[in-house]
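So for the sequence shown, numbering that gives the first Met the number 0 puts the first residue at 0; every next one is plus one.
A virtual CB, placed ideally from N, CA and C, is assigned to each residue, including glycine.
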Amino acid sequence: MPNAEGPLSVMSFSGMAVGSVQQPLGPPAAECCVLDSCIPESFDLGKTLGTGSFGRVRFVTHRATGKHYALKILKKAAIIKLKQVDHINSEKTILKAIHHPMIVNLYGSFHDERHLYLALEYVVGGEFFTHLRKVGRFGNDAARFYAAHIVSIFEYLHSKNIVYRDLKPENILLGADGYLKLTDFGFAKIVEQRTYTLCGTPEYIAPEVLLNKGHGKAVDWWTLGILTYEMMVGYPPFVDEDPMGIYQKILAGKIVFPRSFDKHAKSLVKKILTADLTKRFGTLRGGVDDIKKCKWFS
């Protein structure tokens with residue numbers, strides 16, 4: 000397991016991670032569809048790993064091979080009622096098209112009369128959210144280590160014009176090797192220029208989304224800033240009991256940093272959490288390199 004509290008240069012880490020994308024550590028394309036012809040009876044059902052508006056995720060064992068998966072079981076009626084058909088289809092399409100060592104792999108999809116099933120990679124370590132809440136907040140080195148994962152993931156997705164749009168601790172899993180795995184691509188979208196759909200978790204929504212100005216890849220870098228702050232403080236920078244109160248604080252843009260917040264991390268977060276897209280790191284002429292070469296990561 001990597002030492003999350005040890006010194007980390009994102010240049011060396013990102014070079015490792017992004018370099019591996021050129022020769023994916025994920026399954027070959029053929030393996031991604033290996034379970035497409037399955038039926039629910041092909042699996043032995045285990046414990047429930049999580050629940051949501053459309054169904055639940057179960058730990059399962061494939062009877063023919065003995066391999067373990069996380070089986071996402073979605074209710075067709077709920078998907079149709081909540082008008083999420085396009086989101087589900089988009090999630091399937093995107094997951095089948097991408098292969099990155101820090102993104103959960105899709106091994107197949109199938110359906111019956113009532114349910115749609117997505118056979119996903121089973122990640123042993125559980126939700127990143129649980130680990131963060133257990134310790135309260137991460138130290139500077141650990142936060143930097145995990146932030147580097149997200150930088151690598153977003154760099155890869157954006158190279159394919161995919162905007163993730165839903166970064167938060169609940170959508171990150173922690174592998175047994177200590178590395179992160181991004182999951183839940185329900186809001187992900189292929190975006191050439193801009194999209195106008197309002198989506199995301201209130202505390203993580205970027206100003207341009209709230210203002211309905213159209214948004215693109217820049218919203219992902221905004222969420223990286225929010226996540227970095229939450230990892231180091233224990234809660235997001237914009238909080239309120241009411242979502243409208245959260246939105247007002249996001250638009251006001253005032254961020255309070257504890258004295259213990261690392262000065263180089265603070266500098267990066269401030270450069271990412273700016274409403275002015277002509278100044279937001281990750282979207283400027285230097286692209287992701289502006290983030291990778293900042294003092295916090297060097």
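Under DSSP, His67 forms a beta bridge with Thr60.
Of the candidates Lys159, Met101, Val208, Tyr228, Tyr228 places its Cα closest to the Cα of Ile271. In the assembly as shown, Asp111 is an exposed residue. Its beta-carbon has fewer than 16 other beta-carbons within 10 Å. For Ser89, the secondary structure class from DSSP, reduced to helix, strand or coil, is helix. Per DSSP, the beta bridge partners of Arg55 are Thr50, Ile72. In the DSSP annotation of this structure, the continuous segment of the alpha helix (DSSP H) that includes His130 starts and ends at 127 to 134. Measuring C-alpha to C-alpha distances from Lys188 to each of Ala96, Ala77, Ser89 identifies Ser89 as the nearest. Glu169 and Ser36 have their alpha carbons spaced roughly 30 Å apart. For the pair Phe237 and Gly138, the Cα-to-Cα distance works out to about 20 Å. In this structure, Tyr106 keeps its C-beta atom at 8 Å or more from the C-beta atom of His67.
The continuous beta strand (DSSP E) containing Tyr116 extends over residues 114 to 120. Within the same chain, Cβ atoms closer than 7 Å to the Cβ of Lys75 are found at Arg113, His114, Leu115, the five residues on either side in sequence being excluded.
Contact between Leu34 and Ala96 does not hold, since their C-beta atoms are separated by about 17 Å, which reaches or exceeds 8 Å.
Here the alpha carbons of Gly135 and Thr273 stand approximately 26 Å from one another.
The continuous alpha helix (DSSP H) containing Phe153 extends over residues 139 to 158. Around the Cβ of Lys262, a 10 Å sphere holds fewer than 16 other Cβ atoms; the residue is exposed.
Distance between Val59 and Phe53, taken at the CA atoms: about 18 Å.
A direct Cα-Cα distance of roughly 8 Å separates Gly233 from Arg132. With fewer than 16 other Cβ atoms from the protein chains shown falling within 10 Å of its own Cβ, Pro242 counts as exposed.
Judged by their CB atoms, Asp239 and Gly199 are not nearer to each other than the 8 Å cut-off.
Out of Gly215, Ile102, Leu276, Asn160, the CA that lies nearest to the CA of Asp183 is found in Ile102. Under the DSSP definition of a beta bridge, Ile171 partners with Leu181.
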